[in-house]
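Comments concern the structure below.
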Amino acid sequence: MKAALLSDRGVVKVSGEAARDFLNGLVTTDIGLIQPGLGRFGALLTPQGKIVVDFLITEAPSGHGGGFLIDCPRALAQTLADKLGFYKLRAKVAVENLSDSLGVLAAWDGDPAIKPDLTFADPRSEKLGWRILIPAELAPKAAHLIGAGLVDCAVYEAHRIACGAPRGGIDFMYGDAFPHETNMDRLHGVDFDKGCYVGQEVVSRMQHRGTARTRTVRLILEEAPPEAGVAIVAGDKPVGTMGSSASGMGLGLLRIDRAADALDAGVPLTAGGIAVRLAEPDDVRSAPKKTVA
Numbered sequence: 016m017k018a019a020l021l022s023d024r025g026v027v028k029v030s031g032e033a034a035r036d037f038l039n040g041l042v043t044t045d046i047g048l049i050q051p052g053l054g055r056f057g058a059l060l061t062p063q064g065k066i067v068v069d070f071l072i073t074e075a076p077s078g079h080g081g082g083f084l085i086d087c088p089r090a091l092a093q094t095l096a097d098k099l100g101f102y103k104l105r106a107k108v109a110v111e112n113l114s115d116s117l118g119v120l121a122a123w124d125g126d127p128a129i130k131p132d133l134t135f136a137d138p139r140s141e142k143l144g145w146r147i148l149i150p151a152e153l154a155p156k157a158a159h160l161i162g163a164g165l166v167d168c169a170v171y172e173a174h175r176i177a178c179g180a181p182r183g184g185i186d187f188m189y190g191d192a193f194p195h196e197t198n199m200d201r202l203h204g205v206d207f208d209k210g211c212y213v214g215q216e217v218v219s220r221m222q223h224r225g226t227a228r229t230r231t232v233r234l235i236l237e238e239a240p241p242e243a244g245v246a247i248v249a250g251d252k253p254v255g256t257m258g259s260s261a262s263g264m265g266l267g268l269l270r271i272d273r274a275a276d277a278l279d280a281g282v283p284l285t286a287g288g289i290a291v292r293l294a295e296p297d298d299v300r301s302a303p304k305k306t307v308a
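Quick note: the sequence shown uses my numbering, first residue 16, plus one each step.
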């Protein structure tokens, strides 16, 4: 089993008697299903349905003060805290950025020998493993406790990419991507039965009309990886944008109709002159899956 302290992740806490209902009316996932030891994947959206910040969220047990702990990009932790503060109005909730005192340890390739407090399975995919929210200085001790070897966060990045889990800021741009484009509907990040939240009408319309034309897909790289942001082309026709890459795998944001046309016509895809192949060609040929979180 491996574990890595993710230095790019921060933690925001939302507490108070109205915290559950407050969050449930804002984000894409059903906060009513969350309990200590159980996490969910979700996002706060703009009213136009685009991702402001995506995150994992769990409930803290009473011994840790209760409330909800949000595992989010550290660079956006204060932005998220400020956004939630803007929405709270007179709601009886408190919002705190705990990123200086709590870090995020990811563990994978097995199950923890024991589960420390604030441990939960990554809700996006079983392959992604576990998350443990702990002070950063306790990462070596926690890794030993769960029976994992502590590795560099770059090793986790390669694992994330191989699992097909997009990372905001490199695989898609915050404020510019819809949940379907980052596969949140396939990674259990959108609950289509929970009722209203910010941006819900746009997301529901894309789901029920099947109008998501852009998707994040896994790519196989035979050579040195192209830089993130490089255009992916079929011949001279742009079909998408290269995202993150590691260990011969990468992620790309593709127009699935154009990529499918290229496949059917036998036209190879390249990025910066480097050949790329779809790990799962059916990702661009099949209809969008209607997964309900």
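Don't be surprised by glycine CBs; every beta carbon is placed ideally from N, CA and C.
Cβ separation of residue i and residue j, assumed to be a contact under 8 Å, to the nearest whole Å
i	j	result
T231	A246	Actually they do not touch by this definition, with Cβ atoms about 16 Å apart.
G258	G250	Not a contact, Cβ separation roughly 21 Å.
G82	V29	6 Å
I66	A192	5 Å
C178	S140	6 Å
A254	L284	It should be noted that the sequence gives Val, not Ala, for residue 254. With a Cβ gap of about 7 Å, V254 and L284 count as contacting.
A239	I289	7 Å
R24	C87	7 Å
A280	V299	Wrong, their Cβ atoms sit about 13 Å apart, outside the cutoff.
L236	V291	6 Å
Which residues DSSP lists as bridging residue i, in chain order
i	result
V42	L59
K252	A249
I161	Beta-bridge pairing links I161 to no other residue.
G99	In the sequence as displayed, the identity of residue 99 is Leu instead of Gly. Answer is none; L99 lacks a bridge partner.
C87	G25
K156	DSSP, once it has assigned bridges, lists no residue as partnering K156.
E74	F83
A19	A121
T285	V248, A290
V166	Answer is none; V166 lacks a bridge partner.
D298	D298 is not bridged to any residue.
D272	D272 pairs with nothing; no bridge assigned.
F37	In the DSSP output, where bridge partners are listed per residue, F37 has none listed.
S140	DSSP output for S140 lists no bridge partner at all.
F187	G183
L148	V119
I66	L60
G54	T73
Test item: CB-CB of residue i and residue j under 8 Å
i	j	result
R146	V119	yes
L84	T94	no
L234	L293	yes
M188	A58	no
P241	G183	no
G214	T61	yes
A106	F56	no
V166	A261	no
V26	L148	yes
T134	G52	yes
V68	L91	yes
M16	A157	no
P76	L117	no
L71	D137	yes
G31	V217	no
G108	A33	Looking at the sequence shown, residue 108 is not Gly but Val. Yes, the Cβ-Cβ distance between V108 and A33 is below 8 Å.
Y212	G54	no
Inter-stretch contact at 8 Å, needing at least 3 Cβ pairs: the segment 171-188 / the segment 41-53: no
Meets three-Cβ-pair contact criterion under 8 Å: the segment 121-130 and the segment 154-171: yes
Complete alpha helix (DSSP H) runs within the segment 203-266 (minimum length 4 residues, chain order): 215-224
Residue ranges of each beta strand (DSSP E) within the segment 101-135, 3 or longer: As far as the segment 101-135 is concerned, its whole beta strand (DSSP E) runs of at least 3 residues are 109-112, 118-123.
The segment 216-226 contacting the segment 269-283, beta-carbon criterion three pairs below 8 Å: no
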